[in-house]
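Number 38 in our numbering belongs to position 35 of the sequence shown; there are no gaps in the numbering.
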Amino acid sequence: MLKRPSILVLGAGYGGLTTVVNLQKEFGTDAADITLINKNEYHYESTWLHEAAAGTLLPEQVRYDIADVIDTGKVNFVQATVEGIDVDSKKVSTDNGEFTYDYLVIGLGFEGETFGIVANDPSLYEGTIMKQPPTCNFVKAGMINYTRQLASYYGKRGVRANCISPGGYANNQPQPFVDAYCKRAPLGRLLGHEDIKGAAVFLASDASSYVTGHNLMVDGGWTII
Ligand SMILES: Cc1cc2nc3c(=O)[nH]c(=O)nc-3n(C[C@H](O)[C@H](O)[C@H](O)COP(=O)(O)OP(=O)(O)OC[C@H]3O[C@@H](n4cnc5c(N)ncnc54)[C@H](O)[C@@H]3O)c2cc1C
Numbered sequence: 004m005l006k007r008p009s010i011l012v013l014g015a016g017y018g019g020l021t022t023v024v025n026l027q028k029e030f031g032t033d034a035a036d037i038t039l040i041n042k043n044e045y046h047y048e049s050t051w052l053h054e055a056a057a058g059t060l061l062p063e064q065v066r067y068d069i070a071d072v073i074d075t076g077k078v079n080f081v082q083a084t085v086e087g088i089d090v091d092s093k094k095v096s097t098d099n100g101e102f103t104y105d106y107l108v109i110g111l112g113f114e115g116e117t118f119g120i121v122a123n124d125p126s127l128y129e130g131t132i133m134k135q136p137p138t139c140n141f142v143k144a145g146m147i148n149y150t151r152q153l154a155s156y157y158g159k160r161g162v163r164a165n166c167i168s169p170g171g172y173a174n175n176q177p178q179p180f181v182d183a184y185c186k187r188a189p190l191g192r193l194l195g196h197e198d199i200k201g202a203a204v205f206l207a208s209d210a211s212s213y214v215t216g217h218n219l220m221v222d223g224g225w226t227i228i
């Protein structure tokens, strides 16, 4: 008697879950050993994640339990994080043990890409409760244009108006944020108190007597990346 093939599906996202649902439709109970591995016990609708982030859908509305989708008589679900795949020995290592396979389906997802567009990068806050509230950007952008308005309005009266745009200010933020920020920042660190003083002195002194309506970036190169 032939050995039943063992099919290992990694990831219960769109690809993995579709594969498993189709396999369980195609195969009878004894046709194959099918194992699905996913790090969460739920599937999330990645195309709706922005709705949950914006608060237009509740988190519970964009995800559902994997157990509600799979036929447990045909598919064995294992909650685990995949740590390595050894194709030569047909083994997958996870934080919940090692798995062998005859056929492997890898559906562990995508990597984010910004396509060079400068925009908020929420991954900076991963592993923390920090967020980027929209009001923060609104106020900062408004301040720059307000500075330009002040400069144009008061210039003829001998008043200059400039502003400083600091990068991330070191303020006891959680370590995952600090690590992610420093890894990305061209100068490799957060802004300190001393960093901003020179810029303020320059703008407030005659050394910048012909500078007005300017936004001086003191961001360690953050906005050039
Ligand atoms: C906001 C948003 C909107 C989108 N809109 C569209 C659209 O309109 N049209 C379109 O075609 N595409 C869209 N996409 C892209 C689409 O969601 C992805 O292409 C698709 O989800 C990829 O499917 P996947 O099965 O490869 O991975 P995913 O659906 O990401 O699933 C990966 C699964 O693997 C799990 N996993 C990851 N790493 C591990 C690990 N190490 N161990 C165990 N489990 C792991 C994850 O938890 C997840 O369950 C959108 C994406 C986003 C974020």
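Yeah, the Cβ is synthetic: ideal placement off N, Cα and C, and Gly gets one too.
Based on the DSSP secondary-structure assignment, which residues constitute the bridge partners of residue i?
i: residue 41; result: 82
i: residue 107; result: 11
i: residue 46; result: 67
i: residue 102; result: 95
i: residue 89; result: 94
i: residue 168; result: 220
i: residue 194; result: 172
i: residue 124; result: Partner(s): none; residue 124 has no beta bridge.
i: residue 36; result: 9
Just how far apart, CA to CA, sit residue i and residue j?
i: residue 198; j: residue 89; result: 48 Å
i: residue 36; j: residue 59; result: 40 Å
i: residue 145; j: residue 22; result: 49 Å
i: residue 170; j: residue 104; result: 49 Å
i: residue 193; j: residue 107; result: 43 Å
i: residue 79; j: residue 138; result: 46 Å
i: residue 154; j: residue 163; result: 6 Å
i: residue 125; j: residue 141; result: 17 Å
i: residue 212; j: residue 181; result: 36 Å
i: residue 219; j: residue 159; result: 22 Å
i: residue 49; j: residue 127; result: 19 Å
i: residue 156; j: residue 205; result: 22 Å
i: residue 44; j: residue 149; result: 49 Å
Just tell me which of the options has its CA closest to the CA of residue i.
i: residue 7; options: 157, 77, 25; result: 77
i: residue 167; options: 143, 185, 81, 54; result: 143
i: residue 81; options: 96, 110, 42, 128; result: 42
i: residue 109; options: 17, 204, 226, 202; result: 17
i: residue 15; options: 62, 69, 102; result: 69
i: residue 226; options: 190, 214, 201, 207; result: 190
i: residue 98; options: 85, 92, 104; result: 85
i: residue 29; options: 176, 206, 74; result: 74
i: residue 151; options: 140, 141, 207, 165; result: 165
i: residue 39; options: 178, 19, 162; result: 19
i: residue 228; options: 186, 133, 63; result: 186
i: residue 5; options: 34, 25, 24; result: 34
i: residue 100; options: 87, 55, 124, 92; result: 87
i: residue 176; options: 133, 157, 148; result: 133
So, under 8 Å CB-CB, residue i and residue j are touching, yes? Tell me the CB distance rounded to an integer number of Å.
i: residue 188; j: residue 224; result: 7 Å
i: residue 46; j: residue 72; result: 7 Å
i: residue 129; j: residue 183; result: 7 Å
i: residue 173; j: residue 195; result: 6 Å
i: residue 202; j: residue 221; result: 5 Å
i: residue 3; j: residue 179; result: Nothing about residue 3 can be reported from this structure: the residues present for the chain run from 4 to 228 only.
Taking all protein chains shown into account, decide if residue i is buried (16 or more other Cβ within 10 angstroms of its Cβ) or exposed.
i: residue 113; result: exposed
i: residue 102; result: buried
i: residue 32; result: exposed
i: residue 12; result: buried
i: residue 10; result: buried
i: residue 65; result: buried
i: residue 214; result: exposed
i: residue 27; result: buried
i: residue 95; result: buried
Counting only beta-carbon separations shorter than 8 Å, does residue i have a partner in chain C?
i: residue 137; result: Considering every chain present, this structure includes no chain C. It has just one protein chain.
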